[in-house]
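Chains as they are written, first to last, in this note's numbering: chain B, 1 to 239; chain A, 1 to 239. Quick reminder that beta carbons are idealized off the backbone N, C-alpha and C, glycines included.
Spelled out as structure tokens, the structure:
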């Protein structure tokens with residue numbers, strides 16, 4: 001019976017079908033969401049007067065919906081409010097790969113491209129909720145202990161949401177992959193791993209006496225992979 | 001006299017002028033190029049039938065020109081060959097910033113957006129030269145010791161170039177920045193650094209006996225910041 005049940009996946013059509021090296025492609029929710037939840041930073045593409053823009057920004061996922069934010073005055077947000085087509089991409093570089101010929105030089109990576117219509121969050125209650133999750137997705141329950149947002153602050157922050165209509169993930173994780181006959185050549189080849197890690201926390205120099213880092217931030221410990229801490233925080237925030 | 005000499009900079013107009021938090025903006029070549037040369041991965045935005053795409057890819061800079069590559073069959077490259085408007089963006093996430101209110105939560109980062117017309121490299125000699133630099137920009141002089149590229153391999157790899165017509169860099173590096181009255185609140189705040197570092201090299205398990213990692217790869221040593229090694233390699237490759 002379990003064989004007949006397909007895992008939830010995003011629909012595939014000409015917009016998101018991976019054409020190049022399609023054996024690396026995945027469309028299932030689990031793969032796509034894991035790559036998204038492992039990142040704090042995404043790049044959003046949108047078009048203004050025929051000119052493409054690629055803007056880096058913090059973002060987060062809620063189910064099959066993506067959220068990101070910015071100033072209400074920004075170029076991107078003024079243009080996305082009416083439901084403009086957008087593409088939100090996340091990429092993790094996992095290694096540089098040195099091969100025995102130029103053609104096989106490569107990189108290991110995990111990337112996902114999400115397509116949909118970006119829209120401003122306009123409902124006031126939903127906006128306050130989204131602004132809470134913008135913090136709590138990274139630091140679960142943190143907002144409850146913060147100075148409350150003012151009306152002016154809420155007004156100055158725009159939140160954009162996009163239902164993921166299509167998505168494709170692409171993963172390369174094979175390290176050195178040379179042509180069979182090239183392995184006999186006396187040429188050095190390696191996979192050079194790349195990792196994004198947390199450094200030593202730098203407490204604000206103006207902390208009130210006695211205020212210390214809480215145990216709720218233990219997931220963000222020095223030397224840990226950023227992506228591990230982010231996935232853990234996401235799972236906790238949306239438990 | 002020296003006061004009168006302006007550093008080279010990219011022109012600013014409505015396409016690339018930073019609107020939001022413009023005090024973080026830079027347009028000079030030195031700042032823009034340093035952010036670019038510190039990265040291996042970029043995101044390229046382009047438009048097909050009104051749909052924006054955001055594709056992550058390896059890239060490199062030569063003067064005021066950017067290069068990236070992909071398969072001749074890929075969606076992006078088939079559409080960029082005629083000189084299509086594109087935006088190539090690089091972003092380095094340097095920290096997550098926890099503040100005393102939601103609004104001042106932020107991140108430290110260095111980002112650059114480059115605008116221009118993307119075109120295929122069509123001249124055969126220039127293409128071979130570019131394919132060499134695609135490897136040597138990361139690993140100076142490496143191509144000289146590799147198995148030579150075949151005609152088929154050169155044909156299968158498309159190289160795209162784009163003259164940077166406009167560019168803007170945006171840098172945030174201030175850590176915690178709370179409203180003055182909020183510093184008196186008993187709330188924990190910190191700057192949490194994020195670093196992308198090199199791991200332990202993984203030599204190909206099928207190396208010919210006696211073939212070892214050369215001293216030319218010493219710049220890529222475990223624990224080092226990826227961006228440092230990349231800047232050093234770039235400077236060496238274009239010395």
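Residues bridged to residue i (per DSSP)
{"i": "residue 93 of chain B", "result": "B:109"}
{"i": "residue 45 of chain B", "result": "B:54 and B:87"}
{"i": "residue 66 of chain A", "result": "A:61 and A:162"}
{"i": "residue 196 of chain B", "result": "A:196"}
{"i": "residue 116 of chain B", "result": "B:86"}
{"i": "residue 203 of chain A", "result": "B:190"}
{"i": "residue 168 of chain B", "result": "B:113"}
{"i": "residue 225 of chain B", "result": "B:197"}
{"i": "residue 28 of chain B", "result": "B:9"}
{"i": "residue 98 of chain B", "result": "B:190"}
{"i": "residue 147 of chain B", "result": "A:101"}
Best match in the options for proximity to residue i [C-alpha to C-alpha]
{"i": "residue 140 of chain A", "options": "B:102, B:177 and B:174", "result": "B:102"}
{"i": "residue 215 of chain A", "options": "A:8, A:228, A:179 and A:142", "result": "A:142"}
{"i": "residue 99 of chain A", "options": "A:179, A:208 and A:144", "result": "A:179"}
{"i": "residue 230 of chain A", "options": "A:172, A:197, A:49 and A:202", "result": "A:197"}
{"i": "residue 202 of chain B", "options": "A:201, A:195, A:189 and A:212", "result": "A:189"}
{"i": "residue 155 of chain B", "options": "B:125, B:13 and B:187", "result": "B:125"}
{"i": "residue 42 of chain B", "options": "B:134, B:95, B:18 and B:90", "result": "B:90"}
{"i": "residue 117 of chain B", "options": "B:146, B:14, B:129 and B:84", "result": "B:84"}
{"i": "residue 58 of chain B", "options": "B:105, B:133 and B:30", "result": "B:133"}
{"i": "residue 182 of chain B", "options": "A:35, A:208 and A:135", "result": "A:208"}
{"i": "residue 24 of chain A", "options": "A:122, A:173, A:135 and A:185", "result": "A:173"}
{"i": "residue 104 of chain A", "options": "B:105, B:149 and B:236", "result": "B:149"}
{"i": "residue 30 of chain A", "options": "A:95, A:158 and A:63", "result": "A:63"}
{"i": "residue 123 of chain B", "options": "B:158, B:144 and B:16", "result": "B:158"}
{"i": "residue 237 of chain B", "options": "B:151, B:18, B:129 and B:184", "result": "B:129"}
{"i": "residue 131 of chain B", "options": "A:119, A:151, A:106 and A:16", "result": "A:106"}
Proximity test, Cβ basis, 8 Å: residue i and chain B
{"i": "residue 191 of chain A", "result": "yes"}
{"i": "residue 140 of chain A", "result": "no"}
{"i": "residue 228 of chain A", "result": "no"}
{"i": "residue 188 of chain A", "result": "yes"}
{"i": "residue 125 of chain A", "result": "no"}
{"i": "residue 64 of chain A", "result": "no"}
{"i": "residue 11 of chain A", "result": "no"}
{"i": "residue 211 of chain A", "result": "yes"}
{"i": "residue 220 of chain A", "result": "yes"}
{"i": "residue 50 of chain A", "result": "yes"}
{"i": "residue 183 of chain A", "result": "yes"}
{"i": "residue 83 of chain A", "result": "no"}
{"i": "residue 38 of chain A", "result": "no"}
{"i": "residue 202 of chain A", "result": "yes"}
{"i": "residue 1 of chain A", "result": "Its pLDDT being 43, under 50, residue 1 of chain A is placed unreliably in this model, and the value from its coordinates should be taken loosely. No, because no Cβ of chain B sits closer than 8 Å to the Cβ of residue 1 of chain A."}
{"i": "residue 147 of chain A", "result": "yes"}
Rounded Cβ spacing between residue i and residue j (contact assumed at less than 8 Å)
{"i": "residue 109 of chain B", "j": "residue 92 of chain B", "result": "6 Å"}
{"i": "residue 169 of chain B", "j": "residue 65 of chain B", "result": "So it is not a contact: roughly 17 Å between Cβ atoms."}
{"i": "residue 32 of chain B", "j": "residue 160 of chain B", "result": "At roughly 19 Å, the Cβ-Cβ gap does not stay under 8 Å, so residue 32 of chain B and residue 160 of chain B are not in contact."}
{"i": "residue 11 of chain B", "j": "residue 166 of chain B", "result": "6 Å"}
{"i": "residue 28 of chain B", "j": "residue 7 of chain B", "result": "5 Å"}
{"i": "residue 194 of chain A", "j": "residue 226 of chain B", "result": "6 Å"}
{"i": "residue 164 of chain B", "j": "residue 114 of chain B", "result": "5 Å"}
{"i": "residue 200 of chain B", "j": "residue 219 of chain B", "result": "Not a contact, Cβ separation roughly 15 Å."}
{"i": "residue 162 of chain A", "j": "residue 86 of chain A", "result": "6 Å"}
{"i": "residue 187 of chain A", "j": "residue 147 of chain B", "result": "7 Å"}
{"i": "residue 204 of chain A", "j": "residue 176 of chain B", "result": "4 Å"}
{"i": "residue 95 of chain A", "j": "residue 191 of chain A", "result": "5 Å"}
{"i": "residue 121 of chain A", "j": "residue 127 of chain A", "result": "5 Å"}
Chain A contact for residue i (CB, 8 Å cutoff)
{"i": "residue 238 of chain B", "result": "no"}
{"i": "residue 120 of chain B", "result": "no"}
{"i": "residue 45 of chain B", "result": "yes"}
{"i": "residue 214 of chain B", "result": "yes"}
{"i": "residue 23 of chain B", "result": "no"}
{"i": "residue 168 of chain B", "result": "no"}
{"i": "residue 162 of chain B", "result": "no"}
{"i": "residue 8 of chain B", "result": "no"}
{"i": "residue 225 of chain B", "result": "no"}
{"i": "residue 206 of chain B", "result": "yes"}
{"i": "residue 89 of chain B", "result": "yes"}
{"i": "residue 32 of chain B", "result": "no"}
{"i": "residue 144 of chain B", "result": "no"}
Within chain E, partners of residue i - CB distance below 8 Å
{"i": "residue 157 of chain B", "result": "Among the chains of the structure shown, chain E does not appear; the protein chains present are B and A."}
For the structure I just gave you, are there three or more beta carbon pairs, one from the segment 38-58 of chain B and one from the segment 44-58 of chain A, closer than 8 Å?
yes
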